[in-house]
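Structure first, commentary second.
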Amino acid sequence: AGDDSTGSSRGDGSTASHGFDLSADLAARERENLRRRLSPANRVAEYAQFAPPSGSALPVVDGEERLVLAANNYLGLTQDERVQDAAVAATEVVGTGAGASRLVTGDTLVHRDLEERIAETKATDRALAFSSGYAANIGTITALAPDVVFSDAYNHASIVDACRLSGADTVVYDHCDVADLAARMESRSGTVDDESWLVVTDSVFSMDGDVAPLADICDVAEQYGAWMMVDEAHATGLYEDGGGIVQREGLSDRVGIQMGTLSKALASQGGYVAGSDDLIEYLINHARSFVFSTGLAPPSAAAAAEALHVARTGDCRGRLWRNVEYLREELADMGYHVPGETQIIPVRVDDREAALALSDELYERGVVAPAIRPPTVPDGTSRIRVAPMATHSASDLAACLDAFRDAGREVDLL
Ligand code: PMP
């Protein structure tokens, strides 16, 4: 916002300056009940206790232990001693930061080890680590610069932004609707020969917890000669042998570009792309968010590599899925509408005020699960996005269900 080193204030308390009226925008959001805020300080989680993977120690929020039922730390591995030790060891041996882009002096054995493990899990030649999943999507799609991208209507914002930035013609198809995708490809085909086409979809959708019909999408993509890219942010580490839905469905050979984050089940920070040797070499040369950004911090790389190992070999995936099944069943029995099939359980309330009220009542009862409202989800589909973790104990889940029962009655939803 210009060259005003004091921020953007005119000195009279107003933030309207240089033609940017920030306060008017914020006030409008407030009126619409769409203003987002970081929580007040007392609502910030304080992980005062070490929580072993099998235990149920909970973060302290507002002076009390509370159940966090909305994190993407699905396997609970941010608190796992092995993962923490790996990050500490990398800090001590390699340092807290990479110090430069990987192409300058920031490349370390820790990065190479992580990338080998990801490639092995995803059954690809190679993998490449980025500093976030967001950066991985932006860097990859802009580097490929496709002529046309066919993108699911509910794809993550980082894919939407990447498509825009790439300059591609972006054709948005109806959510998970293979017939609509095929129709849009058909109506575009034959117009220009030799166009490069990319089909991109999340595998597990972050707000509905539903799963894209990947095999059918691959069929259509192959029929029209398009390349397939799948964002496995919410699936990586959770399925076959620690892989994602691409592995569960046996599609490693058909999805040319597998992308994901290290920040959810892998308990760290960063993103990755897995694919052929040529793809990775091309990205090393062209992905601007890789070339012109400092390498992933070594402790993050080491933590993700260890978390992947734990996810592949331990029993945490089994514990997560048992918790998911139990919560889904109990919430549905209680009368809540909980569509989807994955670890992301959208408790649909639809009305945004009701979703906020339910979230507040849950908080009063010791459960932290924020309301998800427009514009993150379409109007009329507000919800509490419940995400159990492998580390939630039976008594944690019982407490959570009690809270949902009482809070739902309090706000007249049950
Ligand atoms: N893709 C999807 C589907 C996501 O949900 C997210 C994170 N919310 C990202 C990409 C971005 O990943 P990161 O948080 O590592 O930037």
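In full-length UniProt numbering, the protein residues as written are 7 to 420. Ideal Cβ positions, reconstructed from N, Cα and C, are used throughout, including at glycine. Keep in mind it's a predicted model, so treat the numbers as computed, not measured.
Check whether the Cβ atoms of residue i and residue j lie closer than 8 Å to each other.
i, j, result
"residue 3", "A293", "Here the chain covers residues 7 to 420 and nothing more, so residue 3 does not appear."
"L333", "H117", "no"
"C224", "R260", "yes"
"G277", "A142", "yes"
"S137", "T319", "no"
"A313", "K270", "no"
"I290", "F298", "no"
"A125", "A280", "yes"
"L187", "F211", "no"
"D119", "A311", "yes"
Kindly give me the distance between the Cβ atoms of residue i and residue j, rounded to whole angstroms, as I take these residues to be in contact under 8 Å.
i, j, result
"P376", "A76", "6 Å"
"D366", "S388", "Not quite, the Cβ-Cβ distance comes to about 13 Å (not below 8 Å), so this is no contact."
"M235", "M265", "6 Å"
Helix or strand or just coil, what does DSSP make of residue i?
i, result
"R379", "coil"
"L420", "coil"
"M395", "coil"
"L364", "helix"
"M265", "strand"
"H343", "strand"
"F298", "coil"
"T197", "coil"
"H255", "Rather than His, the amino acid found at residue 255 in this sequence is Glu. Correct three-state label for E255: coil."
Hey, does residue i have any beta-carbon neighbour from chain B nearer than 8 Å?
i, result
"H398", "The displayed structure is made up of one protein chain only, and chain B is not part of it."
Rounded to whole angstroms, what is the Cα-Cα separation between residue i and residue j?
i, j, result
"V205", "D27", "38 Å"
"D385", "L109", "45 Å"
"A168", "A307", "24 Å"
"H343", "E98", "48 Å"
"L419", "W203", "46 Å"
"G414", "L364", "7 Å"
"D216", "H24", "44 Å"
"P380", "Y369", "21 Å"
"R190", "A405", "48 Å"
"L220", "I263", "13 Å"
"L362", "L40", "11 Å"
"R123", "D237", "18 Å"
"A409", "K128", "39 Å"
"G173", "V166", "11 Å"
"P65", "V374", "10 Å"
"R43", "R194", "42 Å"
"Q85", "E121", "23 Å"
"R354", "I390", "7 Å"
"T130", "E331", "31 Å"
"V184", "V417", "39 Å"
"M213", "A360", "18 Å"
"A309", "C322", "16 Å"
"C182", "V100", "43 Å"
"V89", "H315", "9 Å"
"G82", "A317", "10 Å"
Considering residue i, what are the terminal residues of the beta strand (DSSP E) in which it resides?
i, result
"P352", "I351 to D356"
"V236", "W233 to D237"
"G277", "G277 to G281"
"L64", "Where L64 is concerned, there is no enclosing beta strand (DSSP E), given that its DSSP letter is neither H nor E."
"D158", "V154 to D158"
"T176", "D175 to Y179"
Determine the extent of the alpha helix (DSSP H) in which residue i is found, giving its start and end residues.
i, result
"G248", "Taken as a continuous stretch (DSSP letters only), G248 belongs to no alpha helix (DSSP H), as it is neither H nor E."
"Y140", "G139 to L150"
"D222", "L220 to Q229"
"T111", "Here T111 belongs to no alpha helix (DSSP H), and DSSP marks it neither H nor E."
"D31", "L28 to R37"
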